[in-house]
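Visitor:
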Amino acid sequence: DAKTTQPPSMDCAEGRAANLPCNHSTISGNEYVYWYRQIHSQGPQYIIHGLKNNETNEMASLIITEDRKSSTLILPHATLRDTAVYYCIVRVRPRSSNTGKLIFGQGTTLQVKP
Amino acid sequence: DTEVTQTPKHLVMGMTNKKSLKCEQHMGHRAMYWYKQKAKKPPELMFVYSYEKLSINESVPSRFSPECPNSSLLNLHLHALQPEDSALYLCASSQEGLRDTPTGELFFGEGSRLTVL
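If you read the protein sequences in the order shown, they are chains A and B.
Residue numbers for the first sequence follow my numbering, so the first one is 1 and each next one is one higher.
Residue numbers for the second sequence follow my numbering, so the first one is 115 and each next one is one higher.
1) Below 8 Å on the Cβ atoms is my guess for S226(B) versus H143(B); work out the distance and round it to an integer in Å.
2) With a threshold of 8 Å between beta-carbons, can H49(A) be considered close to chain B, or not?
3) Over the uninterrupted beta strand (DSSP E) stretch that includes E138(B), give me the two end residues.
4) With burial defined as no fewer than 16 other Cβ atoms inside 10 Å of the residue's Cβ, what is the status of M129(B): buried or exposed?
5) Return the residue from the list H140(B), S134(B), D199(B) and L190(B) that minimises the CA-CA distance to V118(B).
6) Check whether the segment 151-161 of chain B and the segment 198-205 of chain B are in contact - that is, three or more C-beta pairs closer than 8 Å.
7) For V105(A), go through chain B and note every residue whose CB falls closer than 9 Å to its CB, in chain order.
8) Got a sec: which bits of the segment 57-81 of chain A sit with their beta carbon under 9 Å from any beta carbon on chain B, in order along the chain?
9) List the residues of chain A whose Cβ lies closer than 7 Å to the Cβ of E224(B), in chain order.
10) Would you give the residue range spanned by the beta strand (DSSP E) that R227(B) belongs to?
11) If the cut is a Cβ gap below 8 Å, which residues of chain A does E219(B) touch?
12) Apply the 10 Å Cβ neighbour rule to V126(B) and answer buried if 16 or more other Cβ atoms are within range, or exposed otherwise.
13) Note down, in chain order, each residue of its chain lying with its Cβ closer than 7 Å to the Cβ of R68(A), except the 5 sequence neighbours on either side.
14) Closer than 7 Å by C-beta to T104(A): which residues in its own chain qualify, once you throw out the five before and the five after it? Chain order, please.
15) Using CA coordinates, which residue listed in P157(B), N131(B), K133(B) and A145(B) is at the minimum distance from E224(B)?
16) One question on the structure: do E31(A) and V92(A) come within less than 8 Å of each other, judged by their Cβ atoms?
17) So what's V198(B) in DSSP terms, helix, strand or just coil?
18) So with CB distances below 8 Å, who are the chain B contacts of K101(A)?
19) Please classify R37(A): does DSSP put it in a helix, a strand, or coil?
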C-alpha cells in the first residue's frame, strides 16, 4: 500500500497561506491523493482530491508534482477555524475488492495563530 | 441531506454488556465504513460494506460484529469488549461502491464515543 509522510506539526499566521506538504513516493498510477481534516472531537471532513492535475475548490488548492511523488495542500487565507489535523491519504484499491480503502496516516497538526 | 448520523453520541458499557452503535445516511450511498479512533491517533479502518455486502474486514476481533440491514443503515454490535476498546467510533459513507471508480469523498459522521469499564 502506498504510504504518506507528513510533518507532525506546522504553524501559520492568520490571513496567510498555509502550505501543507505530503510525500507519497510509492503511489501507483491509478491511486488518488485525498486530503481530509479533523477538527477536535469532530468527524473528518473532506477537503479535496486529485489524480494528476492540480485541483482547486472553495476550500483549498491541491498541487501534485509531475512525478506524483508528493503534493501540497494550500489554504489560501488561513483562519483560526482552520486549526485542525490535516491528513494526506492515498486511496488504495485492494486486490480482493474494488472498493477503495481510505487509510489515514499520522497527519499534520496545523495551528493557525492570530 | 448530506449528513451521516450516528447514535448514540456517547456510550458507557461494562465488559459483559451487549450494545450497538448505529449509523444512518440518506444520500443513496453504496458504501459504508466503520473506523475506530483512539485519542491523538488517526482513524483506523475496521469494516467496509459495499452494496450492503461486507467487502473488507481489517482483521477486527469478533467481539465487534457489523451489520448492514439496508443501504441506509449500518450497525456495529458490541459484545464482551475490553477497556482498551474505548475509543471514538466513526461511520462514513461514499457514493461509489464495488466495481466503481473510487473518486468520491467519504462523508463522516460525528462519531460515537465509547467507554468500556
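Just so you know, even glycine gets a beta-carbon here, dropped at the ideal spot from N, CA and C.
Keep in mind the model is a prediction, meaning the values are calculated, not measured.
Guide: Quick answer:
1) Wrong, their Cβ atoms sit about 19 Å apart, outside the cutoff.
2) yes
3) K132 to Q139
4) Burial call: exposed.
5) H140(B)
6) yes
7) Note on identity: in this sequence residue 105(A) is Gly, with Val being the wrong assignment. Within 9 Å Cβ-Cβ: P156.
8) Residues passing the 9 Å Cβ filter: none.
9) Q42 and G43
10) S226 to V230
11) Y34, Y46 and H49
12) That one is exposed.
13) I27 and K52
14) Reading off the sequence, residue 104(A) comes out as Phe, not Thr. Same-chain partners within the cutoff: Y87 and I89.
15) P157(B)
16) One thing to note: E31(A) has its Cβ within 8 Å of the Cβ of V92(A).
17) With the sequence shown as reference, residue 198(B) is identified as Glu, and Val is not the correct amino acid for it. Helix at E198(B).
18) L159, V162 and I170
19) Per DSSP, reduced to three states, the secondary structure at R37(A) is strand.
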